[in-house]
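Yeah, the sequence shown ends on 543 if you go by our numbering, and it's all consecutive.
Glycine included, C-beta positions come from ideal geometry on N, C-alpha and C.
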Amino acid sequence: MTIRTISTTPFADQKPGTSGLRKRVTVFMQPNYVENFVQSVFDSLDGFFGKTLVIGGDGRYFNDVAIQKAIKIASANGFGAVLVGQGGLLSTPGASHVIRRHKAFGGLVLSASHNPGGPDGDFGIKYNVGNGGPAPERITDTIYARSKEIERYLYADVPDVELAKIGTHHSGAMVVEVIDPVADYAELMETLFDFEKIRVMFAAGFRMRFDAMHAITGPYATRILEETLGAPKGTVINGVPSPDFGGGHPDPNLVYAKDLYDLMMSAEAPDFGAASDGDGDRNLIIGRGRFVTPSDSLAILAANAPLAPGYATGIAGIARSMPTSAAADRVAEKLGIEMHETPTGWKFFGNLLDAGRVTICGEESAGTGSNHVREKDGLWAVLLWLNILAARQQSVDQIVREHWATYGRNYYTRHDYDEVDSVAANALVDDVRRRLPELTGEEFAGSRIAYADDFTYHDPIDGSTSTKQGIRIGFTDGSRIVLRLSGTGTVGATLRLYLERYEPPHGRHDLDTQSALQPLIDIAETIAGIRTRTGRVAPSVIT
1 MTIRTISTTP FADQKPGTSG LRKRVTVFMQ PNYVENFVQS VFDSLDGFFG
51 KTLVIGGDGR YFNDVAIQKA IKIASANGFG AVLVGQGGLL STPGASHVIR
101 RHKAFGGLVL SASHNPGGPD GDFGIKYNVG NGGPAPERIT DTIYARSKEI
151 ERYLYADVPD VELAKIGTHH SGAMVVEVID PVADYAELME TLFDFEKIRV
201 MFAAGFRMRF DAMHAITGPY ATRILEETLG APKGTVINGV PSPDFGGGHP
251 DPNLVYAKDL YDLMMSAEAP DFGAASDGDG DRNLIIGRGR FVTPSDSLAI
301 LAANAPLAPG YATGIAGIAR SMPTSAAADR VAEKLGIEMH ETPTGWKFFG
351 NLLDAGRVTI CGEESAGTGS NHVREKDGLW AVLLWLNILA ARQQSVDQIV
401 REHWATYGRN YYTRHDYDEV DSVAANALVD DVRRRLPELT GEEFAGSRIA
451 YADDFTYHDP IDGSTSTKQG IRIGFTDGSR IVLRLSGTGT VGATLRLYLE
501 RYEPPHGRHD LDTQSALQPL IDIAETIAGI RTRTGRVAPS VIT
C-alpha cells in the first residue's frame, strides 16, 4: 500500500453544528473538501492507531463516494479496522449501536438527517465518539480549529472497497468488514420490547402504516415490523432508500408527511401511523384521529416505559432539550425522578445517560430515545408505542386523553422560518438578547413576564458550560416563548419560535392548538418583530 501525503489548503466554513458538518452536496463535492474535514477529525483525536472505526450513512446522494474517501483516509492514518454497513448504509441510531456493541473507537455518520437529498440537496458528516454519541463541543471545537489550519491529508492509494458484498475486505493493511446494517439493531430491539405481545396484537387484526419516506429506516422497519413482528406486507411504504428520497423531503412532520396525516384522519385510517426521517433518528406518531406532538410523545413514553421489558424496573430520569415543552417535567415530578433541561443537540444527553442519571430523552424536533444507544431513535419510539398499545389494549387517542387527564396538557407549537437572511436573523436575535434585562416584569395583553434570559447550561457531570443556547421568555401563568437559531440548516438561517401554554388536568384539552396559542403568537411578534425584520408573512413550517 502506498500512503500519499497530499498538500491542501483550508476551507473557512467547516465548523460543525449541532449534528456535525452540513452543507449542500455541491459544497462537499469541491476538491479536497471531504478529505480536509475527515483528516481534521482524525488530527483532533488521540489513541486510535490499530483501533476500529464505524462508517455508514443514510444512502443519500454522494454517500457512496464520501465513504470510499473516508475509508482510504482511515487506512492511511492507521486505523486497524473499519465496520461499514452493506451498501454504505447505517441509520444514525444503528451506527451508534454498532459503535457500542463492537467497542469501536468511534464512527463517521454520513447524513444531513431530515434535510433533502439528491445532487441539489444536502450532505453531512458527523463524528461519534466511543460511547456511540455525537462528539461533544470540546472535540468539535478542536476539529474546527484544525480545519482552519490544515495543510495536508493522508490518503491510501488503494482500490475502492466492494460495499455491496457482506464479508471481510481490505483497504491496504486495514481490515474492512462490510456488515448487515440491520442485524445488530434488530437484535437489540428484541431485548427491549415484548415482541410476542406485539405479534399477538398484529395477529388479532391491528393495522398500522409506517412511512419510511424513501430513507434509511425502510430496511429496518421492513425487517422488524413485517418479517419479525408479523405486520402485513405493505405496512411499510416508501421502504427502499433513495439517493434523493424519492424526490421528497424526509422530515416526518405534518407538512412533508401530509399523506400519512390525511390517511390517519380519514374514515379508512388504520389503528396506528408512524414515520421516520432521512437517517432514522426522528419519528412521527399519529393514532386514528389523533396526532401526538413530539413533546407529548416523550412524556407518554416516559410515563409508560415500564410496560416494556427493557424498562420494567422503572426509569432513572428524563432529559429534554430546552425548547421542548414541559410535559415530561410533570411526569418526572409525579414519578419522583430526575428531570434535566439541556441545550438542543443530542450530544448534551450523552453525559447524563453515561452517568445513569436519565433513561429517556427527547427533543421537540421529533427526536426521542433512551439509554440503549447515544442517539435519538425513530424506530425505537415506534416500537415502544406498539408495546404500550399492546399492553394497554387502548387506542392512541384514549392513551393521550388519559395522560392529559392525569398530568394536564401543554399546548405547544413550533414556527420555523427557513432560509432567512443570516444577517437579518442574527440581528433580530441579538436585539432581543440585548433587551432581555428590561423585559422581566413587563406585561403584554394581560400576561406578565416572570423571567427573560438567554439559556446557559451547566453540565452536572463534567462541569462544562454552554452559553447562548436560546432566548427564554416565561410568564407568571407558566406560558413560555422560546426563540433560537437552528444549527441544522445549510442555507441562510433557520429561525425557530416555540410557544407553550399549560392547561391543568381539569382544564380544556380540546382546543385548536394555534387558536389556544394565538395570544402568545401575538406577544412574540410584538417583542421580536419577526415579520417586520425578516419580511416573512408566515412561518415556512408549523409543527
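Check whether residue i and residue j have beta carbons under 8 Å apart
i	j	result
Ile73	Tyr155	yes
His403	Leu497	no
Asn36	Gln14	yes
Ala302	Ile360	yes
Leu109	Gly57	Strictly speaking, residue 109 in this sequence is Val, with Leu absent from that position. Yes, they are a contact pair.
Pro16	Thr140	yes
Val178	Val84	yes
Tyr417	Ser325	no
Val182	Pro241	no
Arg288	Asp211	no
Gly278	Ile216	yes
Val38	Ala70	yes
Leu229	Phe195	yes
Phe505	Ala405	The amino acid at residue 505 is misidentified as Phe; the sequence shows Pro. A contact, by the Cβ cut-off of 8 Å.
Leu254	Ala275	no
Leu379	Gly280	yes
8 Å Cβ cutoff, residue i in contact with chain D
i	result
Phe11	Chain labels in this structure do not include chain D; a single protein chain is all it has.
Residue interval of the beta strand (DSSP E) (run including residue i)
i	result
Gly124	Asp122 to Asn128
Ser297	Counting along the chain, Ser297 falls outside any beta strand (DSSP E), though it belongs to the alpha helix (DSSP H) covering Pro294 to Asn304.
Asp211	Met208 to Asp211
Coarse secondary structure for residue i, derived from DSSP in three states
i	result
Ala269	coil
Ile449	strand
Gln514	helix
Phe475	strand
Glu419	strand
Tyr502	strand
Supposed contact pair residue j and residue i - C-beta distance, whole angstroms, cut 8 Å
i	j	result
Leu163	Gln86	7 Å
Gly121	Val25	6 Å
Ile99	Gly78	Rounded, the Cβ-Cβ distance is 19 Å, inconsistent with contact.
Pro134	Lys347	4 Å
Ile6	Arg152	6 Å
Gly172	Val161	With a Cβ gap of about 11 Å, Gly172 and Val161 do not count as contacting.
Tyr185	His97	5 Å
Residue i - containing alpha helix (DSSP H), residue span
i	result
Gly94	Thr92 to Arg101
Phe235	According to the sequence shown, residue 235 is Thr rather than Phe. Note, Thr235: premise wrong, no alpha helix (DSSP H); not H, not E.
Gln68	Asn63 to Ala76
His403	Val396 to Tyr407
Thr532	Ile530 to Thr534
Val41	Tyr33 to Asp43
Glu137	Glu137 to Ser147
Gly350	Gly350 to Asp354
Tyr185	Ala183 to Leu192
Phe195	Phe195 to Ala203
Residues near residue i in its chain [Cβ-Cβ closer than 6 Å; skip 5 each side]
i	result
Gly441	none
Phe455	Met322, Gln469, Gly470 and Arg472
Lys458	The residue asked about is misnamed: residue 458 is His in this sequence, not Lys. Taken in chain order, the residues that qualify are Thr465.
Ala381	Asn283 and Thr368
Phe123	Val25, Phe28, Phe62 and Ala112
Ala104	Thr52 and Val54
His214	Asn238, Ser242, Phe245 and Gly246
Close beta carbons around residue i, own chain, < 7 Å, minus the five adjacent residues each side
i	result
Pro243	Gly59, Arg60, Tyr61, Gly117 and Gly118
Ala528	Leu428, Val432 and Leu483
Val537	Arg531
Asn304	Ile388
Ile166	Gln86, Val178, Ile179 and Asp180
Closer than 7 Å: residue i CB and nearest the ligand MN heavy atom
i	result
Arg533	As for the ligand MN, it is missing from this structure, which has no ligand bound.
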